[in-house]
Structure formats: structure tokens, C-alpha cells
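What follows is a set of notes on a single structure, which appears directly below.
2 protein chains.
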Amino acid sequence: MEKVNLAGKFALFDDRWSPKLVAVLDDYDIKLAKLEGEFVWHKHDGDDEFFLVVDGHLSIDFRDRTVDLDAGEFLVVPKGVEHRPRAERECRVLLIERAGVVNTGDAPAGALTRHTLDRI
Amino acid sequence: MEKVNLAGKFALFDDRWSPKLVAVLDDYDIKLAKLEGEFVWHKHDGDDEFFLVVDGHLSIDFRDRTVDLDAGEFLVVPKGVEHRPRAERECRVLLIERAGVVNTGDAPAGALTRHTLDRI
Chain A
9 MEKVNLAGKF ALFDDRWSPK LVAVLDDYDI KLAKLEGEFV WHKHDGDDEF FLVVDGHLSI
69 DFRDRTVDLD AGEFLVVPKG VEHRPRAERE CRVLLIERAG VVNTGDAPAG ALTRHTLDRI
Chain B
9 MEKVNLAGKF ALFDDRWSPK LVAVLDDYDI KLAKLEGEFV WHKHDGDDEF FLVVDGHLSI
69 DFRDRTVDLD AGEFLVVPKG VEHRPRAERE CRVLLIERAG VVNTGDAPAG ALTRHTLDRI
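Each protein sequence line maps, in turn, to chains A and B. Every position in the first sequence, counted from 1, becomes a number in our numbering once 8 is added. Every position in the second sequence, counted from 1, becomes a number in our numbering once 8 is added.
The structure is reproduced here in C-alpha cells:
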């Protein structure tokens, strides 16, 4: 049982769109990621997804609107809803979703797909 | 689907040790609470508990040690482990645990026990 200091963990990596596992809550993974640029459109049919912006600005596009998140704001993207995270500049986020959920959801596996996570 | 601004939600209440439901992630409640003083010793036999300090300082006592958390730090208290949150001054936290978990766990129900949550 170790506490997690967000700033300390973010200092350990610099790659974008590659969530790092920092803790586990029951069957859920708690992850940190640095986002920059545009992700792929995707959805997770059976799983909600929690995005908390720790630093920077994140836009989450939906087919009918965009939700803009600043530091200190979070959104739960409901299961089954297509979305595309997007960040003009580096954005740091805390993510929570059920363990085993693949980041690109139902999109074809590609360069951004992560089937396994580094634990930091 | 509404984003949650943490500061905005914290401005809506002032009672201590009374978590407010702000969002749901699958079967988990995402809650905000203001803590001040000493909670009761308790454990949750089947459920981990996530504490993220948003503002202030939180001590979580265990039977053999204390974990101190500042803003930007979190701890997952493992299921079955006795703990006692404690804050000398007001501390603002984001909590996540499975819906239905009672805040005082296995401790006798008392003035601090919350069987239902206000949604804000």
C-alpha cells in the first residue's frame, strides 16, 4: 500500500497516449497519461471511462458536441458512446476504467493501441 | 453526461464527513467530501477505497502506521484493512468506491454513518 504522488509519477514518463498503471481499485485500473494531438474515434461497449484533467486542457469530442475539460474537471464517458480525446498541447490526465479495457476500444488496432500497460 | 468541476461542486456544501455523489462510473460512486477532525476506525471487508486529496492535508491512520496525503496525492485503502481518516484542518477529497458501501464500514452505525448520499 503506497500513496501515489501525481506530479512524481508524471515525471517518470513522457510518451503520449500510453497510459501507465499506477494503482488498482478492486477490478479497476487507475492510470496516468500524457495526451497531445488527436486520438482515434472509439467506444467501449461495456465500460464507462473516467477522465480527470490534472494539468492542461482536454477536449473530448462526441458525434454531436465537444466537452472541454480544464485542470480540476472530470468527465465520465458512458459505455457505448463514441468519443475522441484531443489535446492541442500536452495534457495530463488520471484515467480509471475496468482492468482489461483496451484504450482504442472498438477501433481497429493501430499504433495507438495498448494491450498491456507499464506499471510505474 | 455532464462534466464535473471540482471547485464548483465543493462550493455547494460545507458539512464534514458527509460525502456527496457527483458521478457514477459503472457500479462505482464518485464522491466529494470535506473532512475535518477524526473519523472512526473501520474497514470495508469486500471493497477497496480510493482517496484523492484535492485540497489540504489528510492523514490516514492504520494500526501500524500513518499515511499522509497532500493535494495531488492519492491512496487506495485495500479491502479488509482497518483505517481512520483524520484531518487537522478542512481537507477536500475525491472518493471512489463501489456503490452501496457505507462510509463507516464495519464500525457500529453512529452520527457519522451515511446510508444514503445526496447527489449534487
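From the three backbone atoms N, C-alpha and C, an ideal C-beta is built for every residue, glycine too.
Since residue 75/B meets chain A, which of its residues come closer than 8 Å, beta carbon to beta carbon?
-> Start at 1 with the first residue of the second sequence, and residue 75/B comes out as number 67. 9, 11, listed in chain order.
Helix, strand or coil at residue 45/B [DSSP, three-state] = Within the second sequence, residue 45/B is the residue found at index 37, counting from 1. Reduced to three states, the DSSP call for residue 45/B is strand.
Shorter than 7 Å from the beta carbon of residue 31/B to some beta carbon of chain A?
-> Translated into the one-based positions of the second sequence, residue 31/B becomes position 23. It does: the Cβ of residue 31/B has a partner Cβ on chain A nearer than 7 Å.
Take residue 32/A as the anchor and find which of 112/A, 84/A, 11/A, 115/A has the nearest alpha-carbon.
-> Along the first sequence, one-based indexing puts residue 32/A at 24. Nearest of 112/A, 84/A, 11/A, 115/A to residue 32/A, Cα basis: 11/A.
Where do the N-terminal and C-terminal ends of the beta strand (DSSP E) with residue 11/A fall, by residue?
-> Working through the first sequence from its first residue, we reach residue 11/A at position 3. Per DSSP, residue 11/A belongs to no beta strand (DSSP E) and is neither H nor E.
Neighbourhood of residue 35/B by C-beta distance below 8 Å, restricted to the same chain and skipping five residues each side | By one-based count along the second sequence, residue 35/B stands at place 27. If we look at residue 35/B and ignore the five residues flanking it on each side, its Cβ neighbours are 106, 107.
Can you list, in chain order, the residues of its chain whose CB lies under 7 Å from that of residue 98/A, leaving out five sequence neighbours each side?
-> Taking the first residue of the first sequence as 1, we reach residue 98/A at position 90. 42, 44, 64, listed in sequence order.
Using the rule of at least 16 other Cβ atoms within 10 Å of the residue's Cβ for burial, across every protein chain shown, is residue 76/A buried or exposed?
-> As a first step, residue 76/A must be located in the first sequence, where it is residue number 68. Per the 10 Å Cβ criterion, exposed.
Could you name each continuous beta strand (DSSP E) segment of 3 residues or more that falls completely within the region 27-82 of chain B, going from the start of the chain to the end?
-> 28-33, 36-46, 57-63, 65-69, 74-78
Just mark residue 95/B as buried or exposed, buried being the case when its beta carbon has 16 or more other beta carbons within 10 Å.
-> Counting from 1 along the second sequence, the entry for residue 95/B is found at position 87. Classification of residue 95/B: buried, given that the 10 Å Cβ count is 16 or more.
Residues that residue 85/A bridges to, as DSSP identifies them = Along the first sequence, read from residue 1 onward, the residue named residue 85/A stands at position 77. Note: residue 85/A sits in a beta bridge opposite 57/A.
Would you check whether the ligand FAD has a heavy atom nearer than 6 Å to the C-beta of residue 23/A?
-> The ligand content of the structure shown is nil, which means the ligand FAD is not present either.
Do we get a CB-CB distance below 7 Å when we pair residue 117/A with the residues of chain B?
-> Start at 1 with the first residue of the first sequence, and residue 117/A comes out as number 109. Cβ-Cβ to chain B under 7 Å: no for residue 117/A.
Listed by chain order, chain A residues near residue 19/B by CB distance under 7 Å | One-based indexing of the second sequence puts residue 19/B at position 11. Those within 7 Å of residue 19/B in chain A number zero; the least Cβ separation is about 12 Å.
State the Cα-Cα distance for the pair residue 46/B and residue 21/A, rounded to the nearest angstrom.
-> If you number the second sequence from 1, residue 46/B lands on position 38. If you number the first sequence from 1, residue 21/A lands on position 13. Their backbone Cα atoms lie some 37 Å apart in a straight line.
Count the other C-beta atoms from every protein chain shown that fall within 10 angstroms of the C-beta of residue 112/B, then say buried if there are 16 or more, exposed otherwise.
-> Position 104 of the second sequence holds residue 112/B. Buried: at least 16 other Cβ atoms inside 10 Å.
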